[in-house]
Each structure stands twice: as C-alpha cells, then as structure tokens.
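Have a look at the structure below before the remarks.
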Amino acid sequence: MLEIRWHSRAGQGAVTGAKGLGSVVAETGKQVQAFAFYGSAKRGASMTAYNRIDDEPILNHEKYMQPDFVFILDPGLAVTDNITANSKDTTKYIITTHLSKEELISLVPELENIKDRVFILDCFQIARDTIGKAIPNTPMLGAFMKVSGMFELDYFKEKMKGVLKKLPPNVIDANMVAIQRAYDEVK
Numbered sequence: 001m002l003e004i005r006w007h008s009r010a011g012q013g014a015v016t017g018a019k020g021l022g023s024v025v026a027e028t029g030k031q032v033q034a035f036a037f038y039g040s041a042k043r044g045a046s047m048t049a050y051n052r053i054d055d056e057p058i059l060n061h062e063k064y065m066q067p068d069f070v071f072i073l074d075p076g077l078a079v080t081d082n083i084t085a086n087s088k089d090t091t092k093y094i095i096t097t098h099l100s101k102e103e104l105i106s107l108v109p110e111l112e113n114i115k116d117r118v119f120i121l122d123c124f125q126i127a128r129d130t131i132g133k134a135i136p137n138t139p140m141l142g143a144f145m146k147v148s149g150m151f152e153l154d155y156f157k158e159k160m161k162g163v164l165k166k167l168p169p170n171v172i173d174a175n176m177v178a179i180q181r182a183y184d185e186v187k
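Letter 11 of the sequence shown, counting from 1, is numbered 11 in the numbering used here, and no numbers are missing.
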C-alpha cells in the first residue's frame with residue numbers, strides 16, 4: 001500500500017489535492033482513500049490530509065500511517081510540524097520552500113541524514129505565477145509525478161483536466177502550466 005501525508009494550512013488546497021490525486025488513481029482500477037484531519041476549521045489553521053492507494057480493498061481507516069511520501073505545502077510547517085513522524089527508511093519528502101535545501105536542513109535538522117530523499121520547490125511562487133493565487137496543491141502534484149514516477153506527466157495532466165472540469169477553462173489551463181512547471185523545477 002502506498003501512503004501519503006499532506007501537511008498544509010486550511011485553504012491551501014491539500015484536501016482538494018488529495019481528492020484529485022485519488023480521482024486520477026481510482027480511474028486506473030486501484031483502491032483509494034483521500035481524507036483530512038482538521039484541528040480548527042479556520043482558514044490558515046494547520047491541518048493534514050492523507051491518501052492511501054492499493055491494489056486490494058483498503059480496510060484501514062485510521063489517520064495513523066507510515067507514509068511513503070510526505071508533502072509540505074506550507075514552508076512554515078516544515079519547521080513547526082513533526083514532518084518525519086512515523087516515517088519509514090524510504091519515506092520521501094516534497095517540501096514547498098523558497099530556501100535552498102541546505103538552508104532548509106539547517107532549520108529542520110531531522111532532514112540532515114535523509115537529504116537524498118528530500119525534494120524542494122517553491123509551489124507558492126509557481127502557483128502565483130501561473131494560477132494567480134498562492135494555492136500550492138497542483139504544483140505539489142506535478143512535483144509528485146516527477147519524484148514518484150507514478151504516471152507519465154501528459155497522462156496525469158489530461159486526467160487532472162477532468163478533475164478540474166468545473167473550473168473555467170483558463171484556470172484549468174493555468175493549473176496545467178503549474179503542474180508542468182513544478183515537474184520541471186523540483187530538485
């Protein structure tokens with residue numbers, strides 16, 4: 001089973017991102033869970049979202065997991081949340097930050113010994129430049145496609161257009177640019 005934990009603030013699109021990823025994966029016939037845990041319902045409050053993906057029915061509905069991937073949508077949460085909690089020796093981290101990897105690791109020393117599994121990009125800036133709003137969920141998914149190799153990028157973008165179909169065409173197009181740019185910029 002593949003498990004993903006999203007660290008975000010309410011309003012940054014983690015729930016939508018988790019559900020969008022779940023929708024794309026479900027079309028392949030896999031079993032999927034996408035859910036969230038909110039401490040406070042206020043915009044800006046720290047929250048987590050989760051995905052589970054498996055070939056078999058998923059009977060575990062707990063929020064506890066040993067994630068294969070951890071997504072950090074808000075740079076401050078890399079410092080304030082325990083992002084390495086319950087991690088595996090293979091867990092990969094994709095972190096939104098404007099800092100270099102070295103600067104980030106100096107602030108989050110727990111990442112020092114696993115820096116080869118830490119990937120960074122500035123999802124906020126990508127979202128502002130492409131979508132016009134600092135909502136980092138689709139850029140994070142673009143970075144995830146690069147780091148995980150789960151889907152070919154063109155396939156994923158085409159499926160995400162279907163997920164976003166209720167949005168105006170120009171917003172869908174902007175999200176596709178954001179996904180592509182994140183895929184290209186993650187390091």
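All residues carry an ideal CB built from backbone N, CA and C; glycine is no exception. This structure is a prediction, so every number in the text was calculated from the model and none was measured.
Who are residue i's beta bridge partners in DSSP?
i	result
T97	None; T97 has no bridge partner.
F119	I94
Would you give the residue range spanned by the beta strand (DSSP E) that residue i belongs to?
i	result
Y38	Q31 to Y38
I194	The shown model of the chain, from 1 to 187, leaves out residue 194, and the question about it has no answer.
Can you tell me whether residue i is buried or exposed, with buried defined as 16 or more other CB within 10 angstroms of its CB?
i	result
S106	exposed
W51	In the sequence as presented, Trp is not what sits at residue 51; that position holds Asn. Burial call: buried.
R181	buried
I60	One detail in the question is off: residue 60 reads as Asn in this sequence, not Ile. Under this definition N60 is an exposed residue.
D116	exposed
E103	exposed
A45	exposed
A85	exposed
Hey, out of the options, whose CA is closest to residue i's CA?
i	options	result
R5	F71, S46 and A26	F71
V188	R43, K42, Y38 and G20	Here the chain has residues from 1 to 187 only, and residue 188 is not among them.
F35	H98, D55 and H7	H7
V25	K187, T96, M145 and N86	M145
D55	K92, L2, H98 and D81	L2
K42	M150, K101 and R9	R9
K63	M47, L77 and N113	M47
E110	V79, T96 and K30	V79
F37	I120, M65, K30 and G29	M65
F151	T90, A14 and G22	G22
Provide the residue span of the alpha helix (DSSP H) that contains residue i, from first to last.
i	result
I126	C123 to T130
S148	N137 to S148
N51	No alpha helix (DSSP H) holds N51; the beta strand (DSSP E) holding it covers S46 to D54.
S23	A14 to A26
L167	No alpha helix (DSSP H) contains L167, which DSSP labels as neither H nor E.
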